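Colleague: Quick one: the structure is below, and I'll ask about it shortly.
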Amino acid sequence: MVLDADIKAQLNQYLQLLEGDVLIKVSAGSDAVSKDMLALVDELATMSSRIKVEQATLPRTPSFSVNRVGEDTGVTFAGIPLGHEFTSLVLALLQVSGRAPKVEQNVIDQIKNISGEYHFESYISLSCHNCPDVVQALNLMSILNPGITHTMIDGAAYKAEAESKNVMAVPTVYLNGEFFSSGRMTIEDILGKLGSAPDASDFADKAPYDVLVVGGGPAGASAAIYAARKGIRTGIVAERFGGQVLDTVGIENFISVKYTEGAKLAASLEEHVKEYGIDVMKSQRAKRLEKRDFIEVELENGAVLKSKTVILSTGARWRNVGVPGEEEFKNKGVAYCPHCDGPLFAGKHVAVIGGGNSGIEAAIDLAGIASHVTVLEFMPELKADAVLQDRLYSLPNVTVLKNVQTKEITGTDKVNGISYIERDTGTVQHIELDGVFVQIGLVPNTDWLGDTVERNRIGEIVVNSHGATNVPGVFAAGDCTNSPYKQIIISMGSGANAALGAFDYLIRN
Ligand SMILES: Cc1cc2nc3c(=O)[nH]c(=O)nc-3n(C[C@H](O)[C@H](O)[C@H](O)COP(=O)(O)OP(=O)(O)OC[C@H]3O[C@@H](n4cnc5c(N)ncnc54)[C@H](O)[C@@H]3O)c2cc1C
1 MVLDADIKAQ
11 LNQYLQLLEG
21 DVLIKVSAGS
31 DAVSKDMLAL
41 VDELATMSSR
51 IKVEQATLPR
61 TPSFSVNRVG
71 EDTGVTFAGI
81 PLGHEFTSLV
91 LALLQVSGRA
101 PKVEQNVIDQ
111 IKNISGEYHF
121 ESYISLSCHN
131 CPDVVQALNL
141 MSILNPGITH
151 TMIDGAAYKA
161 EAESKNVMAV
171 PTVYLNGEFF
181 SSGRMTIEDI
191 LGKLGSAPDA
201 SDFADKAPYD
211 VLVVGGGPAG
221 ASAAIYAARK
231 GIRTGIVAER
241 FGGQVLDTVG
251 IENFISVKYT
261 EGAKLAASLE
271 EHVKEYGIDV
281 MKSQRAKRLE
291 KRDFIEVELE
301 NGAVLKSKTV
311 ILSTGARWRN
321 VGVPGEEEFK
331 NKGVAYCPHC
341 DGPLFAGKHV
351 AVIGGGNSGI
361 EAAIDLAGIA
371 SHVTVLEFMP
381 ELKADAVLQD
391 RLYSLPNVTV
401 LKNVQTKEIT
411 GTDKVNGISY
421 IERDTGTVQH
431 IELDGVFVQI
441 GLVPNTDWLG
451 DTVERNRIGE
461 IVVNSHGATN
471 VPGVFAAGDC
481 TNSPYKQIII
491 SMGSGANAAL
501 GAFDYLIRN
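Below, the structure is given as structure tokens:
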């Protein structure tokens, strides 16, 4: 049996929601994955009379496609979509059966209006929490537009194919046989990359806002909800709705919720924001802020949004180590997300740069997958919590190098080693390895503000107890500010604080 009792119970509920018949075409051989795949699709067919299974020859074996009866959709799974891809399987079945997707009508229209042939292939791993968004977006596009197809390929089941394409980070997407993208993308991002994103003219008739929030992480979502609940005109512009939460797997300190996962929390944030009449502008990046009669925020596409107050909540991003080779080998062995890309380094030697909590957590995680993990820490001692260090030092396949400075990440078409300087002697050393995970903290997303608002030495926006910056009407919240601690619950609190501060400002002015 491929499905355990829990998953089967969940599936049973979902399959009740099928609206029409679904035909699964399965291409199977005699290998172990094929056998599991056949068992899975047969089990699906026994669970719903709406699902029929047919043997077929598809371009990849093992794989199966999910179709309407009499019409192929182009949605194919090469590998078994369990783990993080279980939801992708459920959604594909429901949407192919005719159930409406939870996507705005304008996005559906954009997808339907795409003309031409687009054949996507996405390489994923079942433990990657960034992959389902991409898989589900491409599946939906295939279901809605007959010119689009998508095959999800599990890198573990198709190891040789993934290696031949040098796939070293997931998700990696190919379009019509050419590299298209790497990393998490929303459906709006994909549409943007295909050239069908909204342009400045789509924003031209927007009336000024009372509160415009820039950034859609926990701080921005909280600020927008608090503002909208005052009954004032509120907008939110976000490059990646959900923010860093999207890069997080388990969350155990979101008080009152014992355990949740980043993707789930991000989806709840968006759902909550959409409960109010907030103008949500996703996959849009702000590039300029200026105070004139109104406060103006210019987007990358040239649109200018006007508002009486603005709340900046642009958060933070992974810090780059800034050595030769890092940029060149990004996604070719240089990685930032151990949960996502770890499985691609199974049985290989990897380095982790950074001996703080995130670096040591990553090293412990990777030690269970890779053959060997070398940790490089700049300072003479690791900075991670003692409990993490104890766990690390108990592992047999980890080497810790302290007081060393990374000099270069070397490689040809992909990473083949790392050079570092022993800081006490100045000696340069080189280790041959296959991957480098950079885990040296975060940098605030505030460069685009230039000198318009006061920032501290490390670029954080300086705010007072009301969340106000030095510019009247401009507030800030969350990880982009000089708040000493960076956590989800703290960001949400400061988002609420800044929204109340902005409301107070509006009534007084
Ligand atoms: C791997 C990892 C694990 C973590 N685990 C936990 C945990 O277990 N518990 C916990 O409490 N915290 C955790 N954190 C920290 C937590 O995620 C952050 O403190 C929190 O997300 C900060 O929220 P924020 O809204 O301030 O910023 P972010 O989450 O960074 O969101 C910023 C938002 O602004 C957008 N943005 C950025 N620049 C622009 C621009 N120019 N224009 C438009 N939009 C822009 C981004 O796309 C995003 O929508 C973790 C962080 C990471 C990276």
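1 is the number of the first residue of the sequence shown in the UniProt record's numbering; add one for each residue after it.
All C-beta atoms in this analysis are idealised placements derived from N, C-alpha and C, irrespective of residue type, glycine included.
For clarity, every value in this text was computed on a predicted model and none was experimentally measured.
Taking 7 Å as the cut-off, does the CB of GLN284 come closer than this to any heavy atom belonging to ligand 1?
Modeller: yes
Colleague: So is PRO59 buried or exposed if we call it buried at 16+ other beta carbons inside 10 Å?
Modeller: Within 10 angstroms of the beta-carbon of PRO59 lie fewer than 16 other beta-carbons, which makes it exposed.
Colleague: Considering only residues of the same chain and omitting the five flanking positions on each side of LYS193, which have a CB-CB separation below 8 Å?
Modeller: PHE180, SER181 and MET185
Colleague: Check ASP424 in the structure and name its three-state DSSP category.
Modeller: ASP424 falls in the coil class under three-state DSSP.
Colleague: In the DSSP assignment, what residue or residues form a beta bridge with TRP318?
Modeller: LEU442
Colleague: If you compare alpha carbons, which of VAL103, GLU104 and THR73 is closest to LEU93?
Modeller: With distances taken between Cα atoms, LEU93 lies closest to THR73.
Colleague: Do the CB positions of THR87 and PRO146 come within less than 8 Å of each other?
Modeller: Not closer than 8 Å, so no.
Colleague: Just checking ARG240 against ligand 1 - is the residue's beta carbon closer than 7 Å to any of the ligand's heavy atoms?
Modeller: Yes.
Colleague: Which whole runs of the alpha helix (DSSP H) in the UniProt domain "Thioredoxin-like fold" (125-193) are 4 residues long or more, in chain order?
Modeller: 131-144, 159-164 and 187-193
Colleague: Following the continuous beta strand (DSSP E) through SER34, name the residue where it begins and the one where it ends.
Modeller: Here SER34 belongs to no beta strand (DSSP E); instead the alpha helix (DSSP H) covers 32-47.
Colleague: Assign GLY116 to one of two classes, buried (16 or more other C-beta atoms within 10 Å of its C-beta) or exposed (fewer than that).
Modeller: GLY116 should be labelled exposed.
Colleague: From the DSSP output, in three-state form, read off GLN95 for me.
Modeller: helix
Colleague: Below 8 Å between beta carbons: does that hold for GLU239 and ARG285?
Modeller: yes
Colleague: Which ranges would you report for the beta strand (DSSP E) in the region 241-283 if only whole runs of at least 3 residues count?
Modeller: As for any beta strand (DSSP E) of minimum length 3 sitting wholly inside the region 241-283, the runs are 279-282, ordered along the chain.
Colleague: What residue range does the alpha helix (DSSP H) around ARG508 cover?
Modeller: 488-508
Colleague: Quick check on the burial criterion: 16 or more other C-beta atoms within 10 angstroms. Buried or exposed for MET379?
Modeller: exposed
Colleague: Cβ-heavy atom distance between THR440 and ligand 1 below 7 Å?
Modeller: A quick correction: the sequence has Ile, not Thr, at residue 440. The closest heavy atom of ligand 1 lies 7 Å or more from the beta carbon of ILE440.
Colleague: Decide if residue 526 is buried, meaning its Cβ has at least 16 other Cβ atoms within 10 Å, or exposed.
Modeller: The first residue shown for the chain is 1 and the last is 509, placing residue 526 beyond what the model contains.
Colleague: In the DSSP assignment, the alpha helix (DSSP H) including TYR336 goes from what residue to what residue?
Modeller: In the DSSP assignment, TYR336 falls outside any alpha helix (DSSP H) and carries neither an H nor an E.
Colleague: At a cut of 8 Å, does the region 305-313 reach the region 471-484 through at least three beta carbon pairs?
Modeller: yes
Colleague: Whole angstroms is fine: what's the gap from ASP296's alpha carbon to ALA207's?
Modeller: The question names Asp, yet the displayed sequence has Glu at residue 296. GLU296 and ALA207: Cα-Cα distance of roughly 12 Å.
Colleague: Taking the beta carbon of GLY20 as the centre, do at least 16 other beta carbons fall within 10 Å, making it buried, or is it exposed?
Modeller: exposed
Colleague: Are ASN403 and ASP424 touching if we call contact CB-CB under 8 Å?
Modeller: yes
Colleague: Alpha carbon to alpha carbon, what distance is there between HIS466 and THR452?
Modeller: 19 Å
Colleague: Taking just the CA atoms, how far does GLU381 sit from LEU191?
Modeller: Our two residues, LEU191 and GLU381, have alpha carbons roughly 46 Å apart in a direct line.
Colleague: For ligand 1, is there any heavy atom lying closer than 7 Å to the beta carbon of ILE489?
Modeller: yes
Colleague: What are the uninterrupted segments assigned as beta strand (DSSP E) that are 3 or more residues long and contained completely in the region 285-317, given in chain order?
Modeller: 286-291, 295-299 and 304-312, all fully within the region 285-317.
Colleague: Might you give, ordered along the chain, the residues of its own chain that have their beta carbon closer than 7 Å to the beta carbon of VAL273, omitting 5 neighbours on each side?
Modeller: ALA221, ALA224, ILE225, ILE236 and VAL280
Colleague: Among GLY441, ILE421 and ASN470, which residue has its Cα nearest to the Cα of ILE458?
Modeller: GLY441
Colleague: Check whether the Cβ atoms of TYR420 and LEU376 lie closer than 8 Å to each other.
Modeller: yes
Colleague: ASN130 and GLY83 - do their beta-carbons sit closer together than 8 Å?
Modeller: no
Colleague: Which residue or residues does DSSP assign as beta-bridge partners of GLU482?
Modeller: In the sequence as presented, Glu is not what sits at residue 482; that position holds Asn. Paired residues: none, contrary to the question.
Colleague: With GLN55 as the anchor, note down where its beta strand (DSSP E) starts and where it stops.
Modeller: 51-55
Colleague: Ignore the nearest five residues each way along the sequence and tell me which others in LYS414's own chain have a CB closer than 7 Å to its CB.
Modeller: The answer, listed in chain order, is ASN166, MET168, PHE329, LYS332 and GLY333.
Colleague: Across the region 8-19 and the region 92-110, are there enough close Cβ pairs to call them in contact, namely three or more that are closer than 8 Å?
Modeller: yes
Colleague: With a threshold of 16 other CB atoms inside 10 Å of the CB of LEU388, please say whether the residue is buried or exposed.
Modeller: By the neighbour-count rule (16 or more Cβ atoms within 10 Å), LEU388 is buried.
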